[in-house]
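Numbering (my numbering), first residue to last: 8 to 183.
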């Protein structure tokens with residue numbers, strides 16, 4: 008059920024998944040699709056914490072959300088800022104309701120596997136008839152499979168495979 012599955016995740020372990028998603032978004036936007044969603048970037052490491060800041064930049068509007076929070080030197084807790092992620096999700100839902108052909112979300116990760124993160128937004132998109140493309144690491148593959156329950160597919164980390172899926176789900180012709 009790969010070709011017309013409304014929900015797809017690029018399976019990856021290593022490699023520049025954010026670069027691949029950015030390239031896919033640019034190609035599809037260039038072909039006239041209204042692509043919404045977010046791409047992740049990491050800032051420079053500095054200050055007390057030895058971890059890079061994490062930002063999500065929205066496709067289309069370019070709005071940036073800092074989704075990491077400083078926890079201080081030596082902390083081992085999750086740095087993901089749930090409030091910032093909720094604000095980003097709300098913003099994206101507004102964009103979806105204004106019209107979209109595809110939603111790209113940087114990851115199906117820990118938050119989504121635990122019932123949080125962008126999980127509700129994915130459901131909203133599917134309910135609106137907007138296909139969703141994300142990525143998933145092996146760590147969260149089981150949660151992804153359970154979440155997708157028959158309407159999701161896995162894609163290899165290859166540009167042509169992802170564009171083929173996007174073309175099939177959106178009716179776009181010759182995106183590759």
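Positions of the beta carbon are idealized from the N, C-alpha and C atoms, including for glycine.
Legend entry - Enclosing beta strand (DSSP E) for residue 143 [first to last residue]: Working through the chain shown from its first residue, we reach residue 143 at position 136. Element bounds for residue 143: 139 to 143.
Inset, instruction - Note down, in chain order, each residue of its chain lying with its Cβ closer than 6 Å to the Cβ of residue 64, except the 5 sequence neighbours on either side. - result: The residue you call residue 64 lines up with position 57 of the chain shown. Excluding positions up to five away in sequence, the list reads 46 and 71.
Legend entry - Under 8 Å between C-beta atoms of residue 41 and residue 107: Translated into the one-based positions of the chain shown, residue 41 becomes position 34. Translated into the one-based positions of the chain shown, residue 107 becomes position 100. With respect to residue 107, residue 41 sits close: the two C-beta atoms are nearer than 8 Å.
Legend entry - Touching by the beta-carbon criterion (3+ pairs, under 8 Å), the segment 121 to 136 and the segment 160 to 171: no
Legend entry - Enclosing alpha helix (DSSP H) for residue 105 [first to last residue]: Your numbering for residue 105 matches position 98 in the chain shown. Looking at the DSSP string, the run of the alpha helix (DSSP H) that includes residue 105 is 89 to 105.
Legend entry - Cut-off 6 Å between Cβ atoms - residues of its own chain near residue 141, not counting five sequence neighbours on either side: Within the chain shown, the letter at position 134 stands for residue 141. Short of 6 Å from the beta carbon of residue 141, and not among the five residues preceding or following it, lie these beta carbons of its own chain, in chain order: 16, 112 and 115.
Legend entry - Outcome for residue 52 when other beta-carbon atoms lying within 10 angstroms are tallied against a minimum of 16: For the purposes of this step, residue 52 is taken as the residue at position 45 of the chain shown. Unreliable placement is indicated for residue 52, whose pLDDT of 47 sits below 50; no coordinate value is reported for it.
Inset, instruction - State the Cα-Cα distance for the pair residue 119 and residue 146, rounded to the nearest angstrom. - result: The count along the chain shown starts at 1 and reaches residue 119 at position 112. The count along the chain shown starts at 1 and reaches residue 146 at position 139. Computed Cα separation, rounded: 12 Å.
Inset, instruction - Reducing DSSP to helix, strand and coil, say where residue 51 ends up. - result: To locate residue 51, count along the chain shown from 1; it is residue 44. Unreliable placement is indicated for residue 51, whose pLDDT of 47 sits below 50; the coordinate value is still reported in the next sentence. Here residue 51 sits in coil by DSSP.
Legend entry - Rounded straight-line distance, which links the Cα of residue 60 to that of residue 74: Here residue 74 refers to the residue found at position 67 of the chain shown. Here residue 60 refers to the residue found at position 53 of the chain shown. The alpha-carbon atoms of residue 74 and residue 60 are separated by roughly 8 Å.
Legend entry - residue 23 burial status per 10 Å Cβ neighbour count (16 or more: buried): Taking the chain shown and counting its residues from 1, one reaches residue 23 at position 16. With fewer than 16 other Cβ atoms within 10 Å, it is exposed.
Inset, instruction - Give the secondary structure of residue 128 by DSSP, where H, G and I count as helix, E and B as strand, and everything else as coil. - result: Here the question's residue 128 lines up with position 121 in the chain shown. In the structure shown, residue 128 sits in a helix (DSSP, three-state: H, G or I).
Inset, instruction - For residue 166, name the three-state secondary structure that DSSP assigns. - result: The residue given as residue 166 occupies position 159 in the chain shown. In the structure shown, residue 166 sits in a helix (DSSP, three-state: H, G or I).
Legend entry - Segment limits, alpha helix (DSSP H) that includes residue 158: Taking the chain shown and counting its residues from 1, the one referred to as residue 158 is at position 151. Neither: residue 158 is in no alpha helix (DSSP H) and is coded neither H nor E.
Legend entry - Residue burial classification, residue 206 (beta-carbon count within 10 angstroms, cutoff 16): Missing from the structure shown is residue 206; the chain here goes from 8 to 183 and no further.
Inset, instruction - Assuming residue 177 and residue 109 form a contact by the criterion Cβ under 8 Å, report the distance between their Cβ atoms to the nearest whole angstrom. - result: Position 170 of the chain shown, counted from the first residue, corresponds to residue 177. Position 102 of the chain shown, counted from the first residue, corresponds to residue 109. That belief holds up - the Cβ atoms of residue 177 and residue 109 are roughly 6 Å apart, short of 8 Å.
Legend entry - Three-state secondary structure assigned by DSSP to residue 56: Residue 56 sits at position 49 when you count from the first residue of the chain shown. A caution first: residue 56 carries a pLDDT of 48, below 50, which makes its placement in the model too unreliable to give a value.
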